[in-house]
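These protein sequences, in sequence, are chains F and A. Here my numbering = 1-based position in the first sequence + 1152. Here my numbering = 1-based position in the second sequence + 270. Just so you know, even glycine gets a beta-carbon here, dropped at the ideal spot from N, CA and C. Since we're looking at a predicted model, the values are computed, not measured. One structure is given here, and the rest of the page talks about it.
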Amino acid sequence: MTLRLLLLCAALLPWLTGCVNATVDQMVFNSPTAGIGDASVVILGRRHASDYETEPGFIRCVGGHIEARDPSIRVIDELEFLNALYPWFEPRTAPLRPSDLEKLFEHRDVAEKFAALQTRYMIWIDGSTVRGDSAGSMTCGIGPGGAGCFGFGTWSDDASYEATIWDFTQRAEVGRISATASGQSYMPAVVLPIPIIAPVQGTACDSVGDQLLEFLSRTD
Amino acid sequence: MSGSMTTAPERGRWLAALALACLLAGCGTKQVVVESEFPDPVMNPLPLRLGVWYDNEFANHEFFDEASGRAESSWLVNTGQAQVELWQTLLRGMFREVVFMNGKPGPGQMNPLVDAVLLPSVDELQYAIPAHTNVKVYEIWMRYRFQLVTVGGEPIAEWTMPAYGKTPTAFMQSDEGAVRLAAIVALRDAGAHFATTFTRVPQVEAWLNSLPRAGGQAQVLP
Chain F
1153 MTLRLLLLCA ALLPWLTGCV NATVDQMVFN SPTAGIGDAS VVILGRRHAS DYETEPGFIR
1213 CVGGHIEARD PSIRVIDELE FLNALYPWFE PRTAPLRPSD LEKLFEHRDV AEKFAALQTR
1273 YMIWIDGSTV RGDSAGSMTC GIGPGGAGCF GFGTWSDDAS YEATIWDFTQ RAEVGRISAT
1333 ASGQSYMPAV VLPIPIIAPV QGTACDSVGD QLLEFLSRTD
Chain A
271 MSGSMTTAPE RGRWLAALAL ACLLAGCGTK QVVVESEFPD PVMNPLPLRL GVWYDNEFAN
331 HEFFDEASGR AESSWLVNTG QAQVELWQTL LRGMFREVVF MNGKPGPGQM NPLVDAVLLP
391 SVDELQYAIP AHTNVKVYEI WMRYRFQLVT VGGEPIAEWT MPAYGKTPTA FMQSDEGAVR
451 LAAIVALRDA GAHFATTFTR VPQVEAWLNS LPRAGGQAQV LP
């Protein structure tokens, strides 16, 4: 009976998650009229701020979300793109406005690389997930008879991201999406710590990914 | 029963030794060897035959920061190998031909004939980890000094250039791993900064304009 209970708890543990609130704002100026065809999309993180950095993992998550739900959309890996166009998209040199692309395309080699990659949209994501207030305490001990923890901890996470969509053919910004998410995680511990984690960054990733997917898959 | 009587103290001693080892490890030197491959730059090469000389200090560059208290660790960050890898890759993409010198340019030193020789060096390197700043990023900041000289060692230009790299804290990432990543970002930034500003250094610009074949063609910048 005890074994069954333990197995049941073990099976339910991965499903224990904290609650997350998410808000999405979308502003589309000029959406595609017939999907993006054979063209590709690149998603890049903005890394200009001194006190935070858009996480590479978040960029991969959004790209994976789009590709998983619409395999016809080709998302170029961020590092692959940065390496292919080094040194023009490093934090110091990356274009800040769509009009800066004109200057960049004056370089024949850069223009040729872009043509080879068939990039139609460039999506810049700026933001991060930060750990907020935390409370509680937990004590863990180890001895010859075993180890264990006792206590309770809780903390909050806040995610805020903004995606800006540039159209290469028009050399213009065609859409802007912002997503915020916040959630509270808990960790009670009676011998074993039981993490009840709020998937804040994952929720923000899904929110941004869904909106981008809607934009890129749109066929008016 | 007798078995458990003999193993419990042994287990306790083993755990005590492990705990002591963990404590001692926390006070040791954290060593970071920066290794990476860098991408070829996408740019029209300058029509120059450039010589390069890396002195031993640059090719084996390392930075040591001694711990200021018992609770802190000393740091040894070795960037020499990655520096050479970066500058070799970058300069080969920036110039029509890059030649490595036999010795430091100067009177009497036999070297291949080139338009100019570049001598890079790292003037200063600083790092910051979240324990220092309470900001959840790891940072590396470097200041380079470049000398552009003739084969005979006469100065053409000398300038300094900063480079900066940071990486956010990440779950399950060690301090060493994060500092290594920040150093790689800083090296990429150094390459990007150099590639996009080389021809704008006033002394370099004047020298390029004085070369009959390079006048007006040495366009690297957007």
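Report task. Identify the continuous beta strand (DSSP E) that holds A/E428 and give its terminal residues. Result -> Here residue 428 of chain A is taken as the residue at index 158 of the second sequence, counted from 1. Looking at the DSSP string, the run of the beta strand (DSSP E) that includes A/E428 is 425 to 438.
Query raised in the report: What are the start and end residues of the alpha helix (DSSP H) that includes F/L1196?
Result: Locating residue 1196 of chain F in the first sequence gives position 44, where the first residue counts as 1. F/L1196 -> not in any alpha helix (DSSP H); beta strand (DSSP E) instead, spanning 1192 to 1197.
Query raised in the report: Cα separation between F/V1176 and A/V347?
Result: Here residue 1176 of chain F refers to the residue found at position 24 when the first sequence is read from its first residue. Here residue 347 of chain A refers to the residue found at position 77 when the second sequence is read from its first residue. Here the alpha carbons of A/V347 and F/V1176 stand approximately 43 Å from one another.
Query raised in the report: At what residues does the alpha helix (DSSP H) containing A/L395 begin and finish?
Result: Within the second sequence, residue 395 of chain A is the residue found at index 125, counting from 1. Where A/L395 is concerned, there is no enclosing alpha helix (DSSP H), although the beta strand (DSSP E) it sits in stretches over 386 to 398.
Query - Contacting positions in the stretch 1298 to 1322 of chain F - beta carbon closer than 8 Å to chain A - result: Close to chain A, meaning a Cβ-Cβ distance shorter than 8 Å, is no residue of the stretch 1298 to 1322 of chain F at all.
Requested in this report: Mind checking the stretch 417 to 436 of chain A against chain C and listing, in chain order, the residues whose C-beta falls within less than 7 Å of any C-beta there?
Outcome: In the structure shown, chain C does not exist; the protein chains are F and A.
Query - Cα-Cα separation, F/D1358 to A/Y324 - result: Looking up residue 1358 of chain F in the first sequence gives position 206. Looking up residue 324 of chain A in the second sequence gives position 54. When rounded, the distance between both Cα atoms is 49 Å.
Report task. At 3 residues or longer, and completely inside the stretch 1197 to 1236 of chain F: list those beta strand (DSSP E) runs for me, N to C. Result -> List check, beta strand (DSSP E) in window: 1226 to 1228.
Report task. Measure the alpha-carbon distance for A/D310 versus A/V384 and round it to whole angstroms. Result -> Here residue 310 of chain A is taken as the residue at index 40 of the second sequence, counted from 1. Here residue 384 of chain A is taken as the residue at index 114 of the second sequence, counted from 1. Near 22 Å, if we compare the C-alpha coordinates of A/V384 and A/D310.
Report task. Return no unless some Cβ of chain A is closer than 9 Å to the Cβ of F/H1217. Result -> The residue labelled residue 1217 of chain F in the question sits at position 65 within the first sequence. No, no contact with chain A.
Report task. With DSSP as the reference, please indicate the residues paired to A/I454 in a beta bridge. Result -> Translated into positions along the second sequence, residue 454 of chain A becomes position 184. A/I454 is bridged by DSSP to nothing; it lacks a bridge partner.
Query raised in the report: What residues from chain F crowd round A/V407, counting only those whose CB sits closer than 9 Å?
Result: The residue labelled residue 407 of chain A in the question sits at position 137 within the second sequence. Chain-order list of chain F residues neighbouring A/V407: S1202, D1203, Y1204, E1205, by C-beta distance under 9 Å.
**Report entry** Members of the stretch 446 to 461 of chain A near chain F, C-beta cut-off 7 Å
**Finding:** If the cut-off is 7 Å between Cβ atoms, the stretch 446 to 461 of chain A has R458, D459, G461 near chain F.
Query - Residues of the stretch 463 to 482 of chain A whose Cβ lies closer than 7 Å to any Cβ of chain F, in chain order - result: Taking 7 Å as the Cβ-Cβ cut-off against chain F, the residues of the stretch 463 to 482 of chain A that qualify are H463, A465, T466.
Report task. Taking C-beta pairs closer than 9 Å, name the residues in chain F that A/N314 reaches, listed in chain order. Result -> Translated into the one-based positions of the second sequence, residue 314 of chain A becomes position 44. Going along chain F in sequence order, the residues near A/N314 (Cβ under 9 Å) are H1259, R1260, D1261.
**Report entry** Chain-ordered chain F contacts of A/P390 [CB-CB under 8 Å]
**Finding:** As a first step, residue 390 of chain A is located in the second sequence; it is residue number 120 there, counting from the start. The premise fails here: A/P390 is roughly 16 Å from chain F at the closest Cβ pair, so nothing lies under 8 Å.
Query raised in the report: Alpha carbon to alpha carbon, how far is A/G321 from F/D1222?
Result: By 1-based counting over the second sequence, the position of residue 321 of chain A is 51. By 1-based counting over the first sequence, the position of residue 1222 of chain F is 70. About 51 Å.
Requested in this report: Indicate whether at least one CB of chain F lies closer than 9 Å to the CB of A/M275.
Outcome: Translated into positions along the second sequence, residue 275 of chain A becomes position 5. For A/M275, the predicted model reports a pLDDT of 39, less than 50, meaning its position is unreliable and no value from the coordinates is stated.
Requested in this report: Kindly identify the DSSP beta-bridge partner or partners of F/W1240.
Outcome: As a position in the first sequence, residue 1240 of chain F is number 88, starting the count at 1. Answer is none; F/W1240 lacks a bridge partner.
Query raised in the report: Using the beta-carbon of each residue, which ones in chain A are nearer than 8 Å to F/N1235?
Result: As a position in the first sequence, residue 1235 of chain F is number 83, starting the count at 1. For F/N1235, the residues of chain A that pass the 8 Å Cβ criterion are P309, in the order they occur in the chain.
Requested in this report: Could you check what DSSP says for F/A1356 in three-state terms: helix, strand or coil?
Outcome: Translated into the one-based positions of the first sequence, residue 1356 of chain F becomes position 204. Residue state, collapsed to three classes: helix.
Query raised in the report: A/C292: buried (16+ other C-beta within 10 angstroms of its C-beta) or exposed?
Result: By one-based count along the second sequence, residue 292 of chain A stands at place 22. Here A/C292 scores only 49 on pLDDT, less than 50, and its place in the model is too uncertain to base an answer on.
Query raised in the report: Alpha carbon to alpha carbon, how far is F/L1196 from F/I1275?
Result: The residue given as residue 1196 of chain F occupies position 44 in the first sequence. The residue given as residue 1275 of chain F occupies position 123 in the first sequence. Going from the Cα of F/L1196 to the Cα of F/I1275 covers about 6 Å.
Query raised in the report: When DSSP labels each residue in this structure, what does F/T1271 get in the three-state scheme?
Result: Indexing the first sequence from 1 puts residue 1271 of chain F at position 119. The DSSP-derived three-state label of F/T1271 is strand.
Query - Burial state of A/F334 (16 or more Cβ within 10 Å) - result: The count along the second sequence starts at 1 and reaches residue 334 of chain A at position 64. Within 10 angstroms of the beta-carbon of A/F334 lie fewer than 16 other beta-carbons, which makes it exposed.
Query raised in the report: Hey, how far is the Cα of F/L1364 from the Cα of A/G435?
Result: In the first sequence, counting from the first residue as 1, residue 1364 of chain F sits at position 212. In the second sequence, counting from the first residue as 1, residue 435 of chain A sits at position 165. Across the structure, F/L1364 and A/G435 are spaced so that their CA atoms are roughly 30 Å apart.
Report task. For A/Y438, decide whether its Cβ has a neighbour in chain F, counting only Cβ atoms nearer than 9 Å. Result -> The sequence position of residue 438 of chain A within the second sequence is 168, counting from 1. Tyr is not the amino acid found at residue 438 of chain A; the sequence shown has Pro there. Chain F contact via Cβ: present.
Report task. Starting from F/T1245, find everything on chain A with Cβ-Cβ shorter than 7 Å and list it in chain order. Result -> Within the first sequence, residue 1245 of chain F is the residue found at index 93, counting from 1. Residues of chain A passing the Cβ test: A462, T466.
Query raised in the report: For F/P1239 and chain A, any beta-carbon pair shorter than 9 Å?
Result: Here residue 1239 of chain F refers to the residue found at position 87 when the first sequence is read from its first residue. Output row for F/P1239: interface = yes.
Query raised in the report: Does the pairing of the stretch 1313 to 1328 of chain F with the stretch 1271 to 1285 of chain F give three or more beta-carbon distances under 8 Å?
Result: With a cut-off of 8 Å, the stretch 1271 to 1285 of chain F and the stretch 1313 to 1328 of chain F count as touching, because enough Cβ pairs lie within range.
Query raised in the report: Under three-state DSSP, which class holds F/G1303?
Result: On the first sequence, position 151 is the one that residue 1303 of chain F refers to. Strand, per DSSP.
Query raised in the report: Leaving out five residues before and five after A/P425 in sequence, what residues of the same chain have Cβ atoms less than 7 Å from its Cβ?
Result: Taking the second sequence and counting its residues from 1, the one referred to as residue 425 of chain A is at position 155. Cβ within range, chain order: Q417, V419.
Query raised in the report: How would you call F/V1342, buried or exposed, if buried means at least 16 neighbouring beta carbons within 10 angstroms?
Result: For this step, residue 1342 of chain F is matched to residue 190 along the first sequence. Only exposed fits F/V1342, as fewer than 16 other CB atoms lie within 10 angstroms of its CB.
Query raised in the report: Can the beta-carbon of F/S1251 be found closer than 9 Å to that of F/I1228?
Result: Within the first sequence, the letter at position 99 stands for residue 1251 of chain F. Within the first sequence, the letter at position 76 stands for residue 1228 of chain F. With a cutoff of 9 Å on beta-carbon distance, F/S1251 and F/I1228 are scored as not near each other.
**Report entry** Backbone CA spacing between A/F328 and A/P432 [nearest angstrom]
**Finding:** Numbered from 1 along the second sequence, position 58 holds the residue referred to as residue 328 of chain A. Numbered from 1 along the second sequence, position 162 holds the residue referred to as residue 432 of chain A. For the pair A/F328 and A/P432, the Cα-to-Cα distance works out to about 16 Å.
Requested in this report: Please report the residue range of the beta strand (DSSP E) in which F/E1325 lies.
Outcome: Numbered from 1 along the first sequence, position 173 holds the residue referred to as residue 1325 of chain F. Counting along the chain, the unbroken beta strand (DSSP E) around F/E1325 starts and ends at 1324 to 1345.
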